[in-house]
Every structure is written in structure tokens, then in C-alpha cells.
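Only one structure is covered here, and it is reproduced in the block below.
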Amino acid sequence: MEENNQQNQNSTNNNENNPKKGPKVNAYMIYGIIAFIIISLQLMGSNIGQMTNTEHSFQDFKEAMRLGKVAKLVVVNNERVEVYYKPGITLPGATSSRYPSGSGLVNNDKTPAFTFNIGSTEQFQKEKEEAQKTIPGISDLPIVYNQQGDYLKGIQSILVPLLILIAMWFVLFRKIGIGGGGAGSGGIFNIGKSKAQLFEKGTKVSITFNDVAGLDEAKVEVMEIVDFLKNPKKYTNLGGKIPKGALLVGPPGTGKTLLAKAVAGEAQVPFFSMSGSDFVELFVGVGASRVRDLFKQAREKAPCIVFIDEIDAIGRARGKNVVMSNDERENTLNQMLVEMDGFSGDTGIIVLAATNRPDVLDTALLRPGRFDRQISIDIPDVKGREKIFDVHLKPIKKSADLNIRKLAIQTPGFAGADIANICNEAALIAARKGKEEVEMNDFNDAIDRVIGGLEKKNKIISPDEKRIIAFHEAGHAVSGWYLEHAHPLVKVTIVPRGEAALGYAQYLPKEMYIRTTEHLMDDMCMKLGGRAVEDIVFGKISTGALSDLQQVTRMAYAMISIYGMSSKIGNISFYDPQNESGFSKPYSEETGKMIDEEVRKLVADAYERVKQLLSDKIESVTIIAEELLKKEVLFKDDLVRLIGKREFEDSMNSESDEYSDEYKAA
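This is the structure in C-alpha cells:
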């Protein structure tokens with residue numbers, strides 16, 4: 004009994020807390036009502052016509068006169084005659100299926116017995132005079148001529164167009180509401196409202212800080228911001244102030260948005276999330292209006308966090324280029340600046356933003372008081388990549404002998420998104436081969452596919468072309484083998500990959516933060532090794548060195564015009580990403596010619612150097628090329644076996660030896 008009473012009480016409370024809502028009226032119900040009214044009016048008019056104008060004729064009228072039933076006639080609008088019976092006589096059809104017996108349909112002064120149509124009053128008079136010869140009473144019959152207006156047609160002529168206009172109005176504004184970019188369900192009337200997605204306190208977000216790997220320093224900074232909001236007194240007691248904002252800066256794929264998602268999952272405060280492009284709209288003034296509405300909502304939910312992804316969409320520097328200026332975007336940026344640190348000075352709102360183009364942002368947006376912190380999220384190092392592999396390998400059924408450390412060292416320069424792609428590609432490759440778990444050789448194939456593209460085993464290459472490709476790749480391998488500052492070789496192959504890669508040499512780049520002139524020159528020589536071998540062996544050059552020449556040209560111009568590595572140009576850098584000088588080329592034409600001359604001289608020196616080196620080592624080149632034509636793929640230990648051990652050993656070489664063993668086993 005107590006349980007039943009408790010259940011009844013709970014149900015009563017639930018009913019009180021959750022009152023029943025009435026049926027919602029939507030546009031489709033309105034359309035249905037309008038259609039029902041129009042159809043009903045049409046049917047009503049036709050039914051009235053059928054009731055009052057059954058199939059009667061002048062002969063029926065003569066028959067009723069012969070039986071002595073007719074009391075009077077009423078001619079309506081000179082088109083129709085209404086026949087009225089004498090009192091007490093039953094109307095025609097009262098006993099038929101149309102009017103069941105006993106229905107009480109007897110005549111009265113207001114209801115005609117039946118009607119029939121006449122062509123004209125003259126025709127009716129003529130027929131009546133002829134009928135008078137056989138039925139004398141017709142001449143004494145009273146006839147009333149009446150003019151009546153068709154009110155139903157008048158109502159329909161006004162009401163139907165009005166209902167059509169109302170229906171069109173509903174359809175039009177519903178379409179504007181759906182396709183016009185309005186926020187919420189208000190359509191065009193709410194177009195200035197913010198599109199931010201709100202994660203309330205207690206909302207479950209699947210991403211947490213445990214899912215963010217390889218960003219230890221950035222995580223500490225962001226976690227401190229979350230701690231500011233959770234325990235503000237811990238910092239304000241010492242006189243500190245909560246930062247207004249933090250800007251996440253880093254290359255694409257490094258995890259800026261992922262870190263913000265982790266903040267949404269960890270913070271116990273409301274979290275607003277939107278993209279910088281969400282502020283931009285076709286209509287003028289919408290961007291600034293949405294900024295105002297976003298911060299208005301944030302003030303109501305304070306303390307809270309506002310995250311704006313790709314803020315460079317609205318935060319570009321103002322007034323740099325008059326031709327490319329955009330008043331609407333600048334108005335949006337101005338409103339953003341005011342809301343973040345204006346006269347009102349909002350507290351309790353922390354703005355997180357992410358961009359991979361900090362160089363194009365307005366300086367007013369970057370100053371302390373708006374974005375107090377710039378959190379740099381760089382490409383992860385080997386330890387960070389190892390942690391990222393740990394995260395992305397959790398859902399994958401991997402082999403027990405999979406060495407994550409080797410995978411991390413094998414992927415220098417890879418961002419978190421690249422590593423996630425490799426893990427997914429490896430799982431797909433293993434599934435394609437029908438394996439039960441993902442093995443190391445599957446990851447090797449995935450890395451090859453990401454770096455070089457899809458393997459084209461069926462591409463038909465002539466023997467002459469294949470020989471040129473083999474010597475070209477042998478030139479890269481041998482030149483890097485005998486250059487001190489070149490990257491350690493992992494593998495060299497002549498298997499075509501991707502759209503244009505007919506072969507490639509894979510190296511294990513050294514993770515360095517500073518590179519000297521010697522490093523860059525050796526790298527440039529190694530890239531020109533393929534072209535130099537073609538010139539030495541065949542006496543002619545091919546188009547296969549296109550990618551090498553592009554990289555060498557970019558490197559040479561960077562050395563001369565950015566890094567100041569030319570004695571003739573001097574210690575000058577013309578690097579101006581924000582175009583603060585106002586010129587596309589902040590130097591004279593004479594200086595430009597000097598830069599071009601120095602670049603050509605630098606590339607020519609590198610080419611002559613590697614050409615001389617390969618001429619001296621042409622026997623090694625030939626051995627490697629002939630072996631490539633036989634096996635198509637060679638690893639580092641194969642080069643050691645064929646041409647001897649490399650003279651310049653370092654810590655990375657031993658690691659590359661391990662990978663060549665793994666590749667060879669695969």
C-alpha cells in the first residue's frame with residue numbers, strides 16, 4: 004500500500020511539474036485547414052445547386068398543374084423558375100431514397116417544391132401560352148419576378164484569393180526561415196541572433212583531457228584557465244585577475260579544436276562554441292549583431308567560456324589594403340574588440356580562440372586584456388607522437404609485437420591529425436588483407452601511402468624510363484649517403500606512387516630547431532642528386548626532377564632573402580608576412596636582381612658540388628641502380644651491403660637501422 008501511495012504521489016508530482024502541453028500548431032496544419040475551407044465552399048455551392056435544382060423541366064411543371072398542386076411561380080433572375088405547392092402537399096421525392104419516408108418534408112411558403120431552368124422569359128411565356136390550351140388554370144397562376152444576388156459566389160471571389168495569399172505568405176516566410184540563415188526557428192526575424200552551440204554545466208561531452216596527447220604544455224595552460232573558473236578565490240586572494248582570453252596558435256591538425264573540446268568536457272561551467280565564419284552573413288550588420296547577442300547570452304550564463312574556432316575569418320588586420328577592405332568584416336571585428344575589453348569590462352567570460360594564421364590577425368585583437376595568452380601548439384616531438392599513437396591505437400586491434408616507439412620516430416613532422424589518419428589507414432589495409440589484427444608492416448604501408456600516395460603496381464613503364472628512374476633515385480640515395488649533414492636513409496624505391504611519384508627515397512629527418520648553412524646546402528645537394536646523375540649517365544635530363552627543383556628553389560630563396568645567408572645581400576631579411584611595409588616586395592628592383600643572381604649562383608654551386616661527388620662515386624650509383632631494377636625496393640642495410648657503411652654516424656642512424664629491418668621484414 005505504501006509503495007502504491009508513493010507511486011501515486013510521484014505520478015502526481017510529475018504531472019504537476021510537467022503539465023500537459025496542448026497540440027502544437029504547425030504550418031502543415033494551417034495549410035490543411037485552408038485547403039479544407041476552399042474544398043468545402045466548392046462542395047457547398049455544388050450541393051446547394053443539386054438540392055434546389057434537381058433534374059426538373061417544364062413538363063414536370065405541367066404535370067403538377069394538371070394534378071392541381073401548384074400555388075405560385077417565382078421567376079428568379081430571368082433564368083430559373085421556382086415552383087411552390089399548395090399547403091399540405093408533400094414535396095417531390097419525400098419517399099424516395101434521397102428523402103426517406105417520414106422525413107417531414109412538406110411544402111411551405113419559403114421552400115419551393117422544385118425548380119427548372121428557362122432560356123429566357125419570352126421563351127417561358129410562349130411555352131406557358133401553349134400549355135394554356137390544355138391546362139386552363141395556368142393563366143390564373145400568380146407569377147412573381149425576383150432578382151437575387153449570388154452571395155456565395157461573391158464570398159468565394161473574395162475569400163478564395165485571400166486564403167491563397169495567406170497560404171503563400173506562410174510558405175514564403177517558412178522558406179526564408181529555413182534557408183535564410185536565421186538562428187533558431189524564427190527564420191529571418193532571428194537572423195541577427197548568435198549561432199553558438201551551448202554546452203551547459205553537466206552536459207556530457209565525450210572528449211576529455213585524457214584524449215589530448217602530445218600537448219602537455221598547452222594542456223597545463225588551458226587547465227589553469229578552467230581552474231580559474233572553478234576556484235577563482237585561489238588566485239584573486241593573491242591579487243591576481245582571471246585572464247580575459249587565450250589564443251590557441253598552431254599549424255593545421257595539431258589539436259587546437261580538440262583541446263577546446265576537452266575544455267568543454269572538463270569545465271563545470273557553460274561553454275559556448277562557434278566558428279568565425281558563423282558571424283558572416285549576406286546581410287549588412289548581421290555579424291556585429293551576432294557578436295552582441297553571443298556576449299549577451301554569455302553574460303547571462305557567466306562565469307562561462309566562449310570558444311571561437313578559426314577566428315581569422317573575422318579577425319584579419321584592418322586597413323592594410325584599401326582595395327581588399329571589407330567594412331562588414333571590420334564592423335564585426337570592432338564589435339568583437341568592444342565586447343572583449345570595452346567600456347563595460349565584463350567579468351567571468353573567458354574567450355578561447357583558435358587559428359593557424361596568427362600573422363594576419365589585427366594587433367588590437369592580440370593585445371593583453373583581450374587575448375592575455377597565446378598558447379602555441381606546435382608539431383609534436385617524438386615523445387608527443389608516441390603519446391598520440393597510444394591514444395589513437397586504443398580502439399584498434401593491434402599486434403602484440405607492435406612497437407609504438409618505432410612508429411613515433413618514423414613519423415617526424417607529422418601532426419596529430421596525420422597520425423590519426425595513419426592509424427585508420429593501417430586498420431583498413433589490415434582488413435583488406437583479411438587479418439585479425441593490425442601489424443607493423445600494415446603501419447609501414449600506411450606511412451608509405453600517406454607520404455608517397457597510393458601504390459600504382461599496374462602502371463606500365465617502359466624499360467628505358469624505368470632505368471632513368473632507377474638511376475635518378477640511386478643519385479638521391481648515394482648523394483645523401485656521402486654528405487655529412489644529410490638525413491639518414493630509410494628506403495629507396497622505384498615503385499610508382501600517387502599521381503606523379505615514379506619513385507622516391509625516404510629519409511629519417513633529424514629533429515632540429517636550428518639549421519646551419521651547411522645543413523641546408525647538403526640538403527639542397529641531396530635533392531639535386533637525381534638530376535645530376537641523369538646528366539652524368541645519360542647525357543640528358545628529364546622532367547622527373549620537377550618536385551626536387553621546386554623544393555630547391557624555395558630553399559634557396561629562403562636562404563638568401565629570409566635567413567640572410569648571402570654575403571652579397573648581407574644580414575637582411577625581407578620576410579614580411581603581415582605586409583607592414585605596405586609593399587609586396589620591400590626592396591628595389593636592383594636588390595631583386597641581386598637576389599635572383601645569388602639564388603642562381605647558390606643552386607649552381609650545389610649542383611656542381613653534387614655532380615662532382617656523384618662522378619667520383621659513379622660506381623656506387625650504378626650498383627644501387629642495377630639492384631633497384633632487380634628488387635625495386637632497397638633498405639639501408641642493403642646499401643651497407645652494396646657500397647659499405649656510411650662514414651657519418653649519429654644517434655638517428657641506429658634508429659633508422661631498426662626501421663629498415665622492419666620494412667624489410669614487411
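For the sequence shown, counting from 1, position 619 maps to 622 in my numbering; every step adds exactly one.
Every residue gets a Cβ at the ideal spot worked out from N, C-alpha and C, and that includes glycine.
All of these numbers come straight from a predicted model, not from anything done at the bench.
What residues in its chain sit with their C-beta under 6 Å from that of residue i, if we drop five residues either side in the sequence?
i	result
Ser569	Ile563 and Glu601
Gln338	Ala291 and Val294
Phe474	Val536, Val540 and Ala628
Ala265	Ile210, Thr211, Phe212 and Val215
Arg500	Gly455, Gly456 and Glu458
Ile314	Gly279, Ala356 and Thr358
Val636	Thr496
Quick one: grab the DSSP three-state call for residue i.
i	result
Asp381	coil
Asp3	Since the first residue of the chain shown is 4 and the last is 669, residue 3 is not available in this structure.
Lys438	coil
Asn424	helix
Ala669	Legend: pLDDT at Ala669 = 46, less than 50; position of this residue unreliable, no value from coordinates given.
Lys75	strand
Glu85	strand
Ser276	strand
Gly647	coil
Ile539	helix
Gln135	coil
Arg373	coil
Gly25	With a pLDDT of 46 at Gly25, under the threshold of 50, the predicted position of this residue should be treated as unreliable, though the coordinate-derived value follows. Looking at Gly25 - three-state DSSP - the assignment turns out to be coil, as it is neither helix nor strand.
Thr594	helix
Phe577	coil
Thr124	helix
Leu637	strand
According to the Cβ coordinates, are residue i and residue j closer than 9 Å?
i	j	result
Leu492	Val613	no
Leu76	Tyr87	yes
Ile311	Val354	yes
Ile497	Gly483	no
Leu201	Lys304	yes
Gln377	Leu261	no
Ala429	Ala449	yes
Val252	Ser402	no
Val394	Asn424	no
Gly35	Gly258	no
Gly318	Asp281	no
Tyr485	Lys648	no
Leu368	Leu336	yes
Just the Cα atoms here: how many angstroms apart are residue i and residue j?
i	j	result
Leu218	Met443	26 Å
Lys386	Phe417	12 Å
Met343	Glu650	59 Å
Thr118	Ser60	8 Å
Val73	Thr137	16 Å
Asn234	Gln271	11 Å
Phe374	Phe298	16 Å
Lys236	Glu224	18 Å
Lys438	Gly256	30 Å
Glu487	Arg435	41 Å
Ile245	Arg388	32 Å
Glu593	Phe577	14 Å
Asn80	Ile146	13 Å
Ile517	Pro254	19 Å
Thr414	Glu331	43 Å
Lys397	Ala411	16 Å
Ile464	Ile472	10 Å
Ala559	Ser550	14 Å
Asn406	Leu511	17 Å
If I measure Cβ to Cβ from residue i and keep anything under 7 Å in the same chain, skipping five residues before and after, which residues do I get?
i	result
Ile141	Met68, Lys131, Ala134 and Gln135
Ala477	Val536, Val624, Ile627, Ala628 and Leu631
Glu333	Arg321
Ala301	Phe275, Cys307, Val309 and Ile352
Lys390	Ala216 and Gly217
Gln53	Low confidence applies here, because Gln53 scores a pLDDT of 43, under 50, leaving its location unreliable; read the following figure in that light. Excluding sequence neighbours, Gln53 sits near nothing in its chain.
Lys571	Met597 and Glu601
Tyr3	Outside the modelled stretch of the chain, which goes from 4 to 669, sits residue 3, for which no answer is possible.
Glu203	Pro273
Within its chain, find whatever has a CB closer than 8 Å to the CB of residue i; leave out the 5 residues flanking it on each side and keep chain order.
i	result
Gly71	Lys89 and Gly140
Gln554	Lys530
Is the CB of residue i under 9 Å away from at least one CB in chain D?
i	result
Pro246	Reference to chain D is not applicable here, since this structure consists of a single protein chain.
(request) With a floor of 4 residues, list each alpha helix (DSSP H) that falls wholly inside the stretch 459-536, ordered by position along the chain. (result) 466-485
(request) Report the residue ranges of all alpha helix (DSSP H) runs contained in full by the stretch 228-312; include only those spanning at least 4 residues, in chain order. (result) 236-239, 259-269 and 289-304
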